[in-house]
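Those protein sequence lines, which keep their order, are chains A and B. Here the UniProt record's numbering is used: the first sequence runs in plain steps of one and ends on residue 460. Here the UniProt record's numbering is used: the second sequence runs in plain steps of one and ends on residue 460. We put the beta carbon where it would ideally sit given N, CA and C, even for glycine. Contents: one structure, followed by commentary.
Protein chains: 2
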Amino acid sequence: MDTELTKNKSNRNNENKMLTFYDHVPRFLEGSDSPRAYLERCINTIIKREAEVQAFVSMNLVRARADADASTMRYAAGKPLSLVDGMPIGVKDLFETEDLPTEVGSPLFKGKCTDRDAAVVQGLREAGAIILGKTVTAEFGFYSPGPTRNPLDITRTPGGSSSGSGAAVGAGMVPVAIGTQVVGSLIRPSSFNGNFGFKPTFGAINSSGAHSNLSQSVLGMHAGSLTDAWIASFEAARFAGGDPGHPGLYGIDEPMMSTKPKALARIETAGWQKCSPEVRELFERLVKRIEEKGVNITDRFCDINVESFESSVEPALDITNDICGYEFRWPLSSYQRRGPNAISSNIAQRLERWKSIENETYRNLLQQREKIRSQHERLKDSVTALITLSATGAAPKGLEYTGDPIFAVTSSILGAPAISLPLLEVDGMPLGIQIIGYKHRDAELFGIARWIMSIFDHKV
Amino acid sequence: MDTELTKNKSNRNNENKMLTFYDHVPRFLEGSDSPRAYLERCINTIIKREAEVQAFVSMNLVRARADADASTMRYAAGKPLSLVDGMPIGVKDLFETEDLPTEVGSPLFKGKCTDRDAAVVQGLREAGAIILGKTVTAEFGFYSPGPTRNPLDITRTPGGSSSGSGAAVGAGMVPVAIGTQVVGSLIRPSSFNGNFGFKPTFGAINSSGAHSNLSQSVLGMHAGSLTDAWIASFEAARFAGGDPGHPGLYGIDEPMMSTKPKALARIETAGWQKCSPEVRELFERLVKRIEEKGVNITDRFCDINVESFESSVEPALDITNDICGYEFRWPLSSYQRRGPNAISSNIAQRLERWKSIENETYRNLLQQREKIRSQHERLKDSVTALITLSATGAAPKGLEYTGDPIFAVTSSILGAPAISLPLLEVDGMPLGIQIIGYKHRDAELFGIARWIMSIFDHKV
């Protein structure tokens, strides 16, 4: 097993650096480059790779080019609308778009148009961003994957359910793609495709107009760089707000400054037992490197509060699956009535069990989730952020299984912000490390992420 | 002005008693009546009154009759599915239905089918209820009203935005109709049509699959009787759950027992200044009657906590309008792009202002709402429930203006359960009184409502 700390993603990082949208803005303003030219480079990459990667369900190149031209004019006039004016963006096909069908990874929605934009799409268009196309999602954003392949090794899964968004960014087709996470759909594919993945605080970016209304559904970003992940998230929330009733994403409209964390808690969770000795060793080396830079590293063995948290979060995946399964009975039961093959057997089987979850059981599960969140909040005084893996290893071979969400589920159940950083390598494939912050402190987490990247000599 | 306490709605109450679904169940079981026969009586009333009332947008009588026959068979076998097996229900046309279009009161959605049931519709069908048709809503559930007239006086508004649901129940066309409330859309039309209106704790009944995702949107019931309001709500929540992440509606599957409250706080709010002396006098007489039955009545003049609450809730309507306006920019901005007449000028004008609300302002408004809620929670120890009016007076003449939501907004901003009871009469028209309880104590509030009705000699 080839396990190394920085080798191949430093190559990959150079690739992505070429794509980092934010770095191009000065050139757009001075006229040596333009959003239209940037878009054409993205389209060229799509032409080269899409046949084998299959990241997109549909694209609107005519509109994308027209919107890029309009953006080019705004830069020429010195008046871009926002930090993402002209940024080409892929949108997970759970989100409605006025110009393209929203097919939700299901044959039931083949060709279905709703003639309106989801809130985030509407907001990003207002900010001047370019909606290039819809990216493949697993059926209803859950299990049964689409045709997408991992761009770094097409015999492997790109992860799910934001398969297309993860792969499109991993292949360098777009600098940023929108995803969602309920269990592990942002952090896991980010890890498998070597991307930066950002799962914000629950509700921080408006997810209205998406086929995704579970109580852990959160809208986030796959990006080729930390900077683009931040500016896309910030501008999306600035123009679209947060989910109704939520304060949205706090922060400023520029890339976060690097911030050295005081103390990180090294978290194992139920995922640790599923990792190979090589992966564990790799993670420990990375944590050691951080510790050597003067960060206090704590863990379950030396801090009783961390141990309490670890023990409370142990059943996170089971609790999450039952909470979301219960909530997902709608609309699945309604779809199921349309015919024997309306929903995949994969989901139909699960639905039978979900239907048996009692209301009282669900209430208890919500209470358990609250308890885990309280345990997490208790770490606030002594721990700046948690650090753990983003996945148990490299993207699995084959396309049927999108990989284990066991590490990603931690930030999902907490409703807390998390970022996956493409810092490790296993089997010649990327593996992410995950840092998890506290609710509404997303910006602070970006600062920590930036600092961590800096000690591994990465341009972020 | 003809202002009386019990006269005409006691007649009306007899009418509604004939319709009370729950009272028919023993006859369904013994075979002297049937859900099919009950449905036909509803249809007969519709045939008689619909031409002038115009409560429905669409109906599916073929399916309703088939479903009623299936229900009749279940009763004959002694195996009804729930307390609402066979209950004909009208559904506000914001909620999706697999068999009928969901037109949202907007020409943009004319004839639009989504081929799926909203969560509450799916749940009620599973409980054996009969979805009779879709009821008229104001445009997008907001301002511009549809053609519906008040069944008690067709020169008057039925209120909005749940105009059709309020009128359908008021006309005796259905025992129960589903509505929603963001500002005043359940409590106000209930008052105007002489119905019982129930606005549950925020999130208590699953509103997924409705064009209504604002942070105060709540699904509730218009009903001809308190008993039917409860059983329809309880079974809806039992089969459909609450909104994702919410515990749903607490209670039991039978009509609540009458419970005499220990203390009620007589609440004025900003609405009091808008009431005529006659209406105030009428309300004071009613409160006096309750006091004479041994309930401790407190108010802003004799309880400093009530005064604090009154003063915090004073700007409730402005805060609500700005919160919901900000949240409603999506999907309105997306609709607006479709053409100059895509949305009414009424809404378009408001949208311009809503677009100018800053994210920071919205965050402050959310904090103000939280403060009002805290002030309310502080009354818990000394006050069993709040009592106030449901509207400033009778339904206004004309159809253009759906009436002032100033009294209804109190329970909306609190997220607390509220019930409108048709106990007063002004100008020969009904006027409701509103009782407001505490979050998740909806069942307790039904007990209090039942007790209040009992002292006015009403069968509930």
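State the Cα-Cα distance for the pair P26/A and M87/A, rounded to the nearest angstrom. 14 Å
Distance check for A68/B and M176/B, CA to CA, integer angstroms please. The sequence given here has Val at residue 176/B, not Met. Spanning the two alpha carbons is a distance of roughly 15 Å.
Can a CB atom of chain A be found closer than 8 Å to the CB of W330/B? Output row for W330/B: interface = yes.
When S144/B, V287/B, D115/B are compared against Y335/A, the one with the closest alpha-carbon: D115/B
So is G203/B buried or exposed if we call it buried at 16+ other beta carbons inside 10 Å? buried
At the level of alpha carbons, what is the spacing between R363/A and Q216/A? Each residue's Cα considered, the two are about 15 Å apart.
In three-state DSSP terms, what is F456/A? coil
Could you name the residues of chain B that A119/A contacts, counting a contact when the two beta carbons are closer than 8 Å? W330, P331
Would you tell me roughly how many angstroms separate the C-alpha atoms of A223/A and N359/A, rounded to the nearest one? 39 Å
Could you pull out every residue in the same chain whose Cβ sits closer than 8 Å to the Cβ of Y22/B, ignoring the five residues on either side in sequence? Only L83, S225, T227, D228, I231, P255 meet the Cβ criterion.
If you follow the alpha helix (DSSP H) that R188/B is in, where does it begin and where does it stop? R188/B -> alpha helix (DSSP H) spans 187-193.
Is there contact between the segment 238-247 of chain B and the segment 350-359 of chain B, where contact requires at least three CB pairs shorter than 8 Å? Two segments are said to touch when three or more pairs of C-beta atoms, one from each, lie closer than 8 Å; by this definition the segment 238-247 of chain B does not touch the segment 350-359 of chain B.
How should Q273/B be labelled, buried or exposed, when 16 other C-beta atoms within 10 angstroms of its C-beta is the threshold for buried? exposed
Rounded to whole angstroms, what is the Cα-Cα separation between A64/A and A443/B? 54 Å
Return the residue from the list L61/A, A342/A, C302/A, E30/A that minimises the CA-CA distance to I89/A. L61/A
Anyone know if the C-beta pair for L317/A and A270/A falls short of 8 Å? yes
Mind reading off the beta-carbon distance from A167/A to R188/A? Whole number of angstroms is fine, and I expect it under 8 Å. That pair is no contact at about 13 Å.
For a quick check, are the C-beta atoms of H131/B and V182/B less than 8 Å apart? Sequence inspection shows Ile at residue 131/B; the His mentioned does not correspond to that position. Contact flag unset, no.
Listed by chain order, chain A residues near R116/B by CB distance under 7 Å: P331, S334, Y335
Looking at C-alpha atoms only, which residue of V383/A, G184/A, N341/A, L219/A is the closest neighbour of P405/A? G184/A
Can you tell me whether M73/B is buried or exposed? The criterion is at least 16 other CB atoms within 10 Å of its CB, across all chains shown. exposed
What does a CB cutoff of less than 8 Å around D253/B pick up in its chain, not counting 5 residues either side in sequence? S82, L83, I231, F234, E235, R238
Would you tell me roughly how many angstroms separate the C-alpha atoms of G172/B and P315/A, rounded to the nearest one? 51 Å
Name, please, each residue of chain A whose Cβ falls closer than 7 Å to the Cβ of Q122/B. W330, S333, S334
Does the beta-carbon of R280/A have 16 or more other beta-carbons within 10 angstroms, so that it is buried, or is it exposed? exposed
Can you check DSSP and say which residues form a bridge with residue 468/A? Residue coverage of chain A in this structure runs from 1 to 460, which leaves residue 468/A outside it and unanswerable.
Flag L248/A as yes if its beta-carbon sits less than 8 Å from any beta-carbon of chain B, otherwise no. The sequence shown places Gly at residue 248/A, not Leu. Chain B, which has a Cβ nearer than 8 Å to the Cβ of G248/A, makes this yes.
Members of the segment 360-371 of chain B near chain A, C-beta cut-off 8 Å: Y362, R363, L366
Contact check, D162/A vs F142/A, beta carbons under 8 Å: Here the sequence assigns Ser to residue 162/A, which means Asp is not the residue at that position. Between S162/A and F142/A, the C-beta spacing is not below 8 Å.
Name, please, each residue of chain A whose Cβ falls closer than 7 Å to the Cβ of S208/B. Going along chain A in sequence order, the residues near S208/B (Cβ under 7 Å) are N213, W330.
If you draw a straight line from the C-alpha of N13/B to the C-alpha of R156/B, how long is it? Note that N13/B scores 43 on pLDDT, short of 50, meaning its location in the model is unreliable; the coordinates nonetheless yield the value given after this. Straight-line Cα distance between these residues: approximately 20 Å.
Opposite Q434/B in the DSSP bridges: which residues? T388/B, S420/B
Grouping DSSP H, G and I as helix and E and B as strand, with all else coil, what is I357/B? coil
For P244/B, return the contacting residues in chain A, with the cut-off set at a CB-CB distance below 7 Å. By Cβ distance, chain A contributes N213, L214, S215, E327.
Kindly list, in the order they appear in chain A, the residues whose Cβ is closer than 9 Å to that of G241/B. Y326, E327, R329, W330, N359, Y362
Three-state secondary structure assigned by DSSP to H211/A: coil
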